[in-house]
């Protein structure tokens, strides 16, 4: 039977890259996203790709995946990738509660609830969870307190879940990408000029002197998911060109 993978935030960036990688390997792939037009375009391009419109900011949407996995995949799920993300500048002066709540909802609450509903399926396959974190979760950057603390929390969830789920044979690991070429800054509402300036500054700050690509992240995710990594759990893997040690 084909292996199955569920990827949140799979309509662009790292999530899309992961979807294309495992689709090419013959896996059954389900991606989620908020942009129905983009989901439809990917589904048309990749016949057999599964898509579900899912907004991690909204409560109670995780239950729909129980029915999907049971009906479409006969209850089989091998890998869950918690990739959906949201970034915003949050200087302490003038910070808004709604921004904080959204940040923690997307990066902590939604992954927790989705992973919880997927546990029975992952236990059957002795599957795995991959959380997509960030170098911001281990290295402090001014004006990113909400995003950085949310990703730090996701790293800790990774380690705690790894301990809790090990008796079930479920592995839990995290990827911590550094500055990567994805649409995340554009989605944050920043102007092209500001985005270009951030990209230049980020590239100069990376020891390897370049921003990462989606392919860089996908290659390392594949290493964690590959069957040869069955004795690896609770790891937060930096994929950041050396940012975490600079």
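In the numbering used here, the protein residues as written are 2 to 247.
Ideal Cβ positions, reconstructed from N, Cα and C, are used throughout, including at glycine.
Since we're looking at a predicted model, the values are computed, not measured.
Closest residue to residue i among the options (Cα-Cα distance)
| i | options | result |
| --- | --- | --- |
| residue 15 | 26, 69, 33 | 33 |
| residue 67 | 135, 121, 127 | 121 |
| residue 1 | 126, 241, 72 | Missing from the structure shown is residue 1; the chain here goes from 2 to 247 and no further. |
| residue 17 | 5, 29, 43 | 43 |
| residue 246 | 228, 215, 179 | 179 |
| residue 136 | 243, 2, 109 | 243 |
| residue 228 | 184, 183, 194, 172 | 172 |
| residue 296 | 82, 146, 124 | No answer is possible for residue 296: the residues shown for the chain start at 2 and end at 247. |
| residue 38 | 53, 215, 100, 175 | 53 |
| residue 234 | 182, 168, 201 | 168 |
| residue 165 | 10, 129, 181 | 129 |
| residue 134 | 99, 97, 88 | 88 |
| residue 201 | 181, 218, 232 | 181 |
| residue 19 | 100, 49, 84 | 84 |
| residue 23 | 232, 216, 175 | 216 |
| residue 213 | 199, 35, 183 | 183 |
| residue 5 | 69, 36, 64 | 69 |
| residue 35 | 114, 21, 59 | 59 |
| residue 76 | 124, 232, 49, 113 | 124 |
| residue 8 | 222, 230, 237 | 222 |
Any non-hydrogen atom of the ligand HEM closer than 7 Å to residue i Cβ
| i | result |
| --- | --- |
| residue 57 | In the structure shown, the ligand HEM is absent, as is every other ligand, since no ligand is present at all. |
Collapsed DSSP secondary structure at residue i in the structure displayed
| i | result |
| --- | --- |
| residue 65 | helix |
| residue 179 | coil |
| residue 39 | helix |
| residue 9 | coil |
| residue 112 | helix |
| residue 27 | coil |
| residue 168 | helix |
| residue 83 | strand |
| residue 88 | coil |
| residue 121 | helix |
| residue 159 | helix |
| residue 141 | coil |
| residue 75 | coil |
| residue 107 | helix |
| residue 149 | helix |
| residue 243 | coil |
| residue 233 | coil |
| residue 193 | helix |
| residue 1 | Past the edges of the chain, shown from 2 to 247, lies residue 1, and the structure says nothing about it. |
| residue 228 | helix |
Per DSSP, the bridge partner or partners of residue i
| i | result |
| --- | --- |
| residue 174 | 131 |
| residue 32 | 8, 52 |
| residue 213 | 181 |
| residue 238 | 176 |
Supposed contact pair residue j and residue i - C-beta distance, whole angstroms, cut 8 Å
| i | j | result |
| --- | --- | --- |
| residue 74 | residue 116 | 17 Å between Cβ atoms; not a contact. |
| residue 152 | residue 138 | 3 Å |
| residue 40 | residue 13 | Not a contact, Cβ separation roughly 10 Å. |
| residue 62 | residue 55 | 6 Å |
| residue 211 | residue 204 | 6 Å |
| residue 126 | residue 72 | The pair is not a contact, with the Cβ atoms about 17 Å apart (cut-off 8 Å). |
| residue 82 | residue 118 | Going by Cβ atoms, the distance from residue 82 to residue 118 rounds to 15 Å, so no, they are not a contact pair. |
| residue 192 | residue 111 | That pair is no contact at about 28 Å. |
| residue 174 | residue 225 | 5 Å |
Short CB-CB distance (under 8 Å) between residue i and chain D
| i | result |
| --- | --- |
| residue 141 | Of the protein chains in the structure, only one exists, and it is not chain D. |
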